[in-house]
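Visitor: Those letters in the sequence shown? Residues 1 to 178, by my numbering.
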Amino acid sequence: MKIPVTLQLVIITLALTGFYTMVGQAVPQKEVHPPEVIEIPTTISTAEMVEIGKSIFEGKGLCSTCHTIGKSGALRFPDLAGIAERAATRKPGYTALDYLAESLYEPDAYVVPGFNPGMPVINKPPVGLTDQEILTVIAYLESLGGEPTVTMETKLVYTGGSREGEAGGDEAAEAVAE
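(1) Take the Cβ of Ser45 as the centre, count every other Cβ of all protein chains shown within 10 Å, and call the residue buried at 16 or more, exposed below.
(2) In the structure shown, what three-state DSSP assignment does Leu156 receive?
(3) Just checking my contact of Tyr105 with Arg90 at CB under 8 Å: how many whole Å lie between their CB atoms?
(4) What first and last residue would you give for the alpha helix (DSSP H) that runs through Glu48?
(5) Which first and last residues belong to the alpha helix (DSSP H) in which Arg86 is found?
(6) List the whole-angstrom C-beta distance separating Leu100 from Ala81, where the pair is believed to meet the contact cut-off of C-beta under 8 Å.
(7) Rounded to whole angstroms, what's the CA-CA distance from Ile3 to Met22? Just pull it up for me.
(8) So, using beta-carbon positions, are Leu144 and Ile83 closer together than 8 Å?
(9) Take Glu58 and list the residues in its own chain whose beta-carbon comes closer than 6 Å to its own, dropping the five residues that flank it on each side.
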């Protein structure tokens with residue numbers, strides 16, 4: 001007895017649907033939670049800021065997903081080894097701190113030649129770092145080939161958008177220690 005082609009197609013479709021349903025259920029499910037806020041005391045030293053910044057860079061900030069530091073990490077975006085030395089020369093009129101702040105709050109404002117834009121704004125979801133966490137990341141980045149200048153009291157004028165008194169936001173942040 002010959003099985004009709006239509007019935008064969010129905011049986012194959014049901015078998016494949018059942019198979020892929022089983023495979024889908026066998027794959028471990030990952031519970032997703034909002035990023036934890038890291039409580040950072042305002043009294044920590046610069047060395048402690050660098051350590052916290054490094055842990056955020058490698059963890060919550062997801063930075064090492066795309067950036068390398070020397071020979072570690074993925075090279076989708078620029079290598080950050082020695083960024084403290086290069087940061088002040090990236091854009092005319094910017095200090096290293098200005099450039100780093102702008103690069104984190106508005107990553108596509110300056111794109112390194114040879115790379116495409118695409119870095120997420122890290123103070124908004126999905127990364128969602130706080131201003132204090134960003135200060136520690138800046139301290140860590142400054143430590144890569146330089147001496148960190150930020151403290152927890154550093155106020156970044158540039159936190160996205162235009163600086164006060166500017167029409168277009170073409171210039172970067174200024175840092176003013178209290």
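Glycine is no exception: its CB is placed at the ideal position from the N, C-alpha and C atoms. Only a predicted model underlies this, so the values are computations on that prediction, with no experimental measurement involved.
Guide: Let me lay it out:
(1) Exposed is the call here.
(2) Reduced to three states, the DSSP call for Leu156 is strand.
(3) Separation of the CB atoms of Tyr105 and Arg90 is rounded to 15 Å, and the pair is thereby denied contact status at 8 Å.
(4) Unbroken alpha helix (DSSP H) run through Glu48: Thr46 to Glu58.
(5) In the DSSP annotation of this structure, the continuous segment of the alpha helix (DSSP H) that includes Arg86 starts and ends at Ile83 to Arg90.
(6) About 15 Å; that fails the 8 Å criterion.
(7) The alpha-carbon atoms of Ile3 and Met22 are separated by roughly 27 Å.
(8) In this structure, Ile83 lies closer than 8 Å to Leu144 by Cβ.
(9) So the list reads Ser64, once near-sequence residues are dropped.
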